[in-house]
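Protein chains: 2
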Amino acid sequence: MIPLVITVGEPAGIGSDCILRAWSGQKDTFEHSIIAAPAKWLQERLELIDIDIPIKEYDNINEATLNASSNSVEGLICWNPLSTQNSCPVMAGNPSQRTAKAVVHCIEAAANACLHGKAAALVTGPIEKAVLRSAGFEFPGHTEFLAHLSAVAMQQPTKQSDFVMMLASNQIRVALLTTHMALRDVPDALKTSSTLKCLQIVDHDLRSRFGIEAPRLALCALNPHAGEQGHFGREEIDVLAPAAQQARDCGLNVSNPLPADTVFSANMRQAYDAIVCCYHDQALIPLKTLSFGEAVNITLGLPFIRTSVDHGTALDRVGTEDVSCTSLLAAIRMARQMAAND
Amino acid sequence: MIPLVITVGEPAGIGSDCILRAWSGQKDTFEHSIIAAPAKWLQERLELIDIDIPIKEYDNINEATLNASSNSVEGLICWNPLSTQNSCPVMAGNPSQRTAKAVVHCIEAAANACLHGKAAALVTGPIEKAVLRSAGFEFPGHTEFLAHLSAVAMQQPTKQSDFVMMLASNQIRVALLTTHMALRDVPDALKTSSTLKCLQIVDHDLRSRFGIEAPRLALCALNPHAGEQGHFGREEIDVLAPAAQQARDCGLNVSNPLPADTVFSANMRQAYDAIVCCYHDQALIPLKTLSFGEAVNITLGLPFIRTSVDHGTALDRVGTEDVSCTSLLAAIRMARQMAAND
């Protein structure tokens, strides 16, 4: 069994707390998994929160995965992809540019482990984008960085429309046509071609990674009441409905653009395997209304499986009792399920 | 006790079904209330759905309200504000322009009954806007028509910012800064002055009609993550935050613009008495995700209390078993509670 690889994210944030508290509560979830980080990041946090977990560090990924696969080690297995010279101290709650390169390198090493078949899936902890940016990290977030690494590995150009952000909980799965942009820019950012591509990626990954034989997709309208036949807004008529039709012509089961205020109601949301949304809040409002803290962020369209927690670094809560590991546990379980279907 | 007045709305729609089924199930809810409609609209529907309810019709509102107040009549009390010449037949499920004037007249008469203190609140059934429009009804919906009637009665001009659409369920109250417009037009429609006015109306009516002594209001951001300090979108900085500050300067308890994806999560929504939203779906998505079919539409800022069902005429379900009266019952109860606080 090939293990999962988990990244801590920003070492000054709650990523380490989540891993340690999750292991304390449900260590079985960590079977067949390795943490791509220096053991000392976790060791220092252990001391801060005053719990005891054995941690074993390996420099060599093969050794780490072998031990994770055989389940022979009691405790957490760290694979440290950093060369020994990188020993910048971590100040809990205070992210530093001095560790930024190490953070990026751990994510890159973990992604490459997936790309080379040494890990079955990647589960990422929360990063502090502003800190990484100031250290030369040019990506809006994890997703774009992982897409870039994948494109490099596959010797292809990276395209925005090649990957899709999905969030999933026990109650609902939502996928996004656009992500982090001003609401004012959303209507013109919606294109028939990229909507079709998104629908195809969601359909493909629901089949291949979620084991759903005939995915049923809902497409959300942009405007209230789906624009009432163009009465307020024409994006449904000009952009979205043509994409839905083209998707159906390709054999997908996709709805016409549906009024977004009713599609998330209890009866309707159960009729779909995923609801494809036009913009960030259209997807995240219903998701967090129903499942705050329990959702998993999934990147579809990558050549490997990647899940993530749905929260940030919560710097003010580092080392405190007020850290929930629910989302991390869900992200690990989701990655494992997806790997089983892969 | 001054009675409530209830309108059927479009007589070919499910308005009558809802009233009759609600009375059958919970007739106590109809104590101290009158239906502003010809009895025959309800009588014909009774025959169609094959149930038996005594209906008593009065031409004179004073007589109707007297009997409703004394609770001396077993059955539904209709007050027919139409002169006898109006006897156009109603075809269940098929709205006709021939009854459009009668529909408008019933709503107008019911509103005037409230404006003149003869009724304590108005509860409206669903109308078919397109049919009314073709008969010369120039308003986008009930709300604007009622605002117009109020302005006429008070000899004042009608302003869009003088009234606020609120939706409420047991779980959440949302109020809208903009209503039925293309999403593309929303950013420029948001103004500091009208946002302030909306916050003031919501605060005022929560105090006077909901009996909340110190209302706690959340103001939703327009952009994802509230724009991340202007990184994607400046409406929070330029429009919404100044309105929130001005409202606080007037003594209101209003949040700064909050990321809309987290404000509706279980813990946060409980911390506010109402959440003021920038656009239709921002408010209606969480409302219907949580409380589909159980919410009440309330118009704030009018000189009288008005509640409404949160559904349409559902023409395809007229006369069938598949009609829920949950929203009507909630609208009547809400109107009665508000009247008790008035």
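The listed protein sequences derive, respectively, from chains A and B. Just so you know, the first sequence maps onto residues 726 to 1067 in our numbering. Just so you know, the second sequence maps onto residues 726 to 1067 in our numbering. No residue lacks a Cβ here, since even glycine has one placed at the ideal position from N, Cα and C.
Query	Result
On a CA-only basis, which of 880/B, 752/B, 971/B, 790/B is nearest residue 918/B? Give me that one, please.	971/B
So for residue 1022/A, helix, strand or coil by DSSP?	strand
Going by DSSP, which residues form a beta bridge with residue 758/A?	729/A
In three-state DSSP terms, what is residue 785/A?	coil
Going by the CB atoms, is the gap between residue 851/B and residue 772/B shorter than 8 Å?	no
Among 920/B, 1020/B, 785/B, which has the Cα closest to the Cα of residue 1049/B?	1020/B
Give the interface partners of residue 990/B over in chain A, defined as CB-CB distance under 7 Å, in chain order.	1013, 1014, 1017
Do residue 822/A and residue 848/A come within 8 Å of each other at the CB atom, strictly closer than that value?	no
Nearest CA to the CA of residue 994/A: which residue from 987/B, 853/B, 1017/B?	1017/B
What three-state label does DSSP hand residue 829/A in the structure shown?	helix
Quick check on the DSSP output: the alpha helix (DSSP H) that includes residue 919/A runs from which residue to which?	917-935
Quick one: grab the DSSP three-state call for residue 912/A.	helix
Quick check on residue 902/A: does DSSP put it in helix, strand or coil?	coil
Quickly, what does DSSP pair residue 797/A with across the bridge? List them, please.	Paired residue(s): none; residue 797/A is not in a bridge.
If the cut is a Cβ gap below 9 Å, which residues of chain C does residue 827/A touch?	You won't find chain C in this structure, because its protein chains are A and B.
Compare the C-beta of residue 957/B with all C-beta atoms of chain A and state if any pair is closer than 8 Å.	yes
Provide the residue span of the alpha helix (DSSP H) that contains residue 1016/A, from first to last.	1005-1016
Three or more beta-carbon pairs under 8 Å between the region 1024-1041 of chain A and the region 859-871 of chain A, yes or no?	yes
Counting only beta-carbon separations shorter than 8 Å, does residue 982/A have a partner in chain B?	no
Would you call the region 902-909 of chain B and the region 981-1000 of chain B in contact, with 3 or more CB pairs under 8 Å?	no
Does the region 736-744 of chain A come into contact with the region 764-783 of chain A, if we say contact requires no fewer than three beta-carbon pairs (one atom in each stretch) closer than 8 Å?	yes
What is the rounded straight-line gap between the Cα of residue 915/A and the Cα of residue 882/A?	21 Å
Buried or exposed: which applies to residue 805/A, given that a residue is buried once 16 or more other Cβ atoms fall within 10 Å of its Cβ?	buried
Work out the CA separation of residue 1011/B and residue 853/B for me, nearest whole Å.	25 Å
Do three or more CB pairs link the region 1047-1065 of chain A to the region 741-761 of chain A at distances below 8 Å?	yes
Using beta-carbon positions only, say whether residue 908/B and residue 977/B come within less than 8 Å of one another.	no
Along chain A, in chain order, which residues have C-beta atoms closer than 7 Å to that of residue 985/B?	1006, 1010
Which of helix, strand or coil does DSSP assign to residue 1032/B?	strand
Could you please give me the residues that DSSP links to residue 982/B through a beta bridge?	944/B
Among 726/B, 926/B, 802/B, 800/B, whose alpha-carbon lies nearest the alpha-carbon of residue 845/B?	726/B
Just to confirm, is the Cβ distance from residue 728/B to residue 758/B under 8 Å?	yes
Are the C-beta of residue 905/B and some C-beta of chain A separated by less than 8 Å?	yes
Looking at residue 1015/B and residue 896/B, is the spacing between their C-beta atoms short of 8 Å?	yes
For residue 770/B, which residues in chain A fall below 7 Å Cβ to Cβ?	Those within 7 Å of residue 770/B in chain A number zero; the least Cβ separation is about 26 Å.
Tell me where the beta strand (DSSP E) around residue 743/B begins and ends.	Run containing residue 743/B: none in the beta strand (DSSP E); it sits in the alpha helix (DSSP H), 740-750.
Out of curiosity, what's the CA-to-CA distance linking residue 936/B and residue 912/B?	33 Å
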